[in-house]
Amino acid sequence: MTSDSSTLNPLPELQCLGLSAQLPGLCETAEPSSCATLETLQGQLHYIFKDRELLLEALTHRSYFHESPSKSRAYNERFEFLGDAVLGMAITDILFRENASLSESEMSKLKSYLVSREILAQLASDINIGRYIRLGKGEESTGGRKKSSLIANTLEAIIGAIFIDSDYPVVKSVIMYLYEATINKAINQHYPYDYKTTLQELSQTLFATLPEYRLVSEMGDDHNKTFVYEVCLNGQALATGIGKSKKAAQINAASTALQILYKKEI
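Here my numbering is used: position 104 in the sequence shown is 859, and no number is missing along the way.
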């Protein structure tokens, strides 16, 4: 799968690797985002904003806005909402147009995986988005720049801001650039994401214990059973999952548990 470079902003003025050009208006940016860092971020995105305020808004966490309302016109949650929708559309479009052999079921599973907080957080980490986020002092003191949910949300906000600053073909090209390796890897793997292993690692980090899966119920005839499992972390039930096999039910429970944990901005 190859991206359409004709719709990408190729950043010729940044001389590709040198990133030497000046971006008008960025140098007077309020901290923590400086001209140099925003220039670098836009190089990593392969997109230069026409309206720098859109990028700044996408990088502004509500904690920063509430502490310093005079330094930003808004915070990024509206852009995050928009970016979530744009990302879902673009990923669906890419999977449909560029992978004709994928079934509806395969596309559905791949889309859920690709737009998950886990993948967004990884992509955000790859370009060090945490470095650029404008945070309030309280959020900064609790390690906000490294919170998976926070950096994932910020990447969604940036996607939303690019959409407003440009149009759908351009933002789709940016998403393709960011996602291409991840999409190819996911398609080449029959089971692209191991939710149980990820939850196990997270549970060990947070609680120094392993998740516990408990069978809640099983329904149906022997040849057509449905299983319900709950997963417990640190002795507390966190989520349930339903599946046509015990393994599938446990995987679904782990997936839901991860979503809950990431929403808590761990």
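Ideal Cβ placement from N, Cα and C applies to all residues, glycine included.
What ranges does the alpha helix (DSSP H) occupy inside the stretch 830-863, keeping only unbroken runs of at least 4 residues that lie completely in it? 832-853
Are the stretch 943-962 and the stretch 1002-1011 in contact at 8 Å, needing three or more beta carbon pairs? Under the three-pair Cβ rule at 8 Å, the stretch 943-962 counts as touching the stretch 1002-1011.
Thinking C-beta only, is Val841 closer than 8 Å to Ile914? yes
Counting only C-beta atoms, is Lys940 closer than 8 Å to chain D at any point? Given the protein chain composition of this structure (a single chain), no chain D is represented.
Classify Ile1015 as helix, strand or coil using the three-state DSSP reduction. Helix, per DSSP.
If you drop the 5 nearest sequence neighbours on each side, which residues of the same chain put their C-beta closer than 6 Å to that of Leu875? Cβ within range, chain order: Ala907 and Leu910.
From Asn989, Glu985 and Phe982, residue whose alpha carbon lies closest to that of Thr964: Asn989
Spatial neighbours of Tyr1017 within its chain, please: C-beta separation below 8 Å, excluding the five flanking residues on both sides. Short of 8 Å from the beta carbon of Tyr1017, and not among the five residues preceding or following it, lie these beta carbons of its own chain, in chain order: Arg872, Glu873, Ala876, Ser903, Ser904 and Ala907.
Could you tell me if Glu894 is buried or exposed, where buried requires 16 or more neighbouring beta carbons within 10 angstroms of its beta carbon? buried
C-alpha gap between Leu957 and Phe804, whole angstroms: 36 Å
Straight-line gap, Gln959 to Val925 (C-alpha atoms, nearest Å): 41 Å
List the residues that DSSP assigns as beta-bridge partners of Ile874. The partner list for Ile874 (beta bridge, DSSP) is empty, contrary to what the question assumes.
If Leu878 and Ala941 are in contact, beta carbons under 8 Å, what's the gap, nearest whole angstrom? At roughly 12 Å, the Cβ-Cβ gap does not stay under 8 Å, so Leu878 and Ala941 are not in contact.
What are the residues that DSSP puts in a beta bridge with Ser969? It should be pointed out that residue 969 corresponds to Arg in this sequence rather than to Ser. Arg969 is bridged to Glu985.
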